[in-house]
Ligand SMILES: [Zn+2]
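Residue numbers (our numbering): 437 to 643.
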């Protein structure tokens with residue numbers, strides 16, 4: 437075999453291997469993560485978030501608490517707070533939400549909030565005028581070290597993910613997040629899920 441044939445064969449083999457391990461997809465509705473200071477401003481001094489449901493990623497949970505988020509054009513009620521408490525407050529909305537709110541939120545990897553959009557957060561005990569921290573989260577796949585090894589990916593790469601259903605879609609520019617304590621999972625927002633006809637728990641194929 438010449439070099440090119442060899443490389444092509446490798447690629448086909450890898451694609452076949454990846455197809456043997458469908459990945460669970462979960463849809464992130466608009467939500468926010470809070471730092472301790474903002475959480476206390478919104479809910480009161482010494483307040484503790486009340487867990488209602490564990491999420492797939494270890495340690496992450498949906499809390500009972502919701503807030504109102506507000507921009508120049510409008511507001512959205514009952515936006516869920518996710519725990520645990522983080523170093524910085526981050527509000528994740530869809531592109532559709534950004535039009536409702538009148539917020540020019542940039543597309544970012546979660547955690548990368550520098551220079552992102554301002555947003556007002558209203559809780560039962562007070563209001564936070566967040567200077568930056570409102571983003572549209574980039575679609576991504578979480579991998580443990582072992583999963584990353586299986587799929588032959590590194591942290592911060594871009595992948596393609598195929599959806600095999602009635603609508604059918606291939607997502608490009610899906611970024612990889614590899615951490616020892618992560619669980620294999622594809623995360624998209626509600627706009628992306630609706631475009632692809634995906635609901636929570638559906639399976640997708642990494643190409
Ligand atoms: Zn995620």
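Using N, Cα and C, we set each Cβ at its ideal position, and we do this for glycine too.
Beta-ladder partner(s) of residue i, from DSSP
i           : result
residue 625 : 464
residue 506 : 511 and 556
residue 594 : 611
residue 543 : 572
residue 605 : 599
residue 563 : 558
residue 579 : 614
residue 499 : 487
residue 589 : DSSP output for residue 589 lists no bridge partner at all.
Run of the beta strand (DSSP E) containing residue i, from where it starts to where it stops
i           : result
residue 514 : 511-519
residue 528 : 526-528
residue 490 : 487-490
residue 642 : 639-642
Boundaries (first-last residue) of the alpha helix (DSSP H) holding residue i
i           : result
residue 475 : 472-479
residue 449 : 439-455
residue 537 : 531-537
Residues near residue i in its chain [Cβ-Cβ closer than 8 Å; skip 5 each side]
i           : result
residue 601 : 632, 633, 634 and 638
residue 451 : 643
residue 486 : 499, 500 and 501
residue 568 : 549, 550, 551, 552, 553 and 554
Contacting residues, own chain, Cβ-Cβ under 6 Å from residue i (five flanking each side not counted)
i           : result
residue 543 : 572 and 574
residue 627 : 530, 531 and 532
residue 456 : none
residue 553 : 539, 540, 541 and 570
residue 479 : 559 and 561
residue 625 : 464 and 530
residue 546 : 573
residue 474 : 525 and 564
Cutoff 7 Å; reference residue i; Cβ partners in own chain excluding five residues on either side
i           : result
residue 507 : 537, 538, 539 and 555
residue 514 : 502
residue 498 : 488, 489, 491, 516 and 518
residue 594 : 609, 610 and 611
residue 483 : 475 and 476
Chain D within 8 Å of residue i, Cβ atoms only
i           : result
residue 564 : Within the model displayed, chain D is absent; a lone protein chain is all it includes.
Rounded distance between the beta-carbons of residue j and residue i, thought under 8 Å
i           : j           : result
residue 458 : residue 640 : 7 Å
residue 690 : residue 590 : Because the chain in this structure spans residues 437 to 643, residue 690 falls outside the shown range and cannot be described.
residue 617 : residue 494 : 5 Å
residue 505 : residue 557 : 6 Å
residue 454 : residue 587 : 6 Å
Inter-stretch contact at 8 Å, needing at least 3 Cβ pairs: the stretch 631-638 / the stretch 598-608: yes
Three-pair Cβ contact test at 8 Å for the stretch 506-522 versus the stretch 468-485: yes
Segment contact flag, the stretch 522-531 with the stretch 440-448, C-beta cutoff 8 Å, min 3 pairs: no
At least 3 beta-carbon pairs within less than 8 Å: the stretch 581-592 vs the stretch 548-565: no
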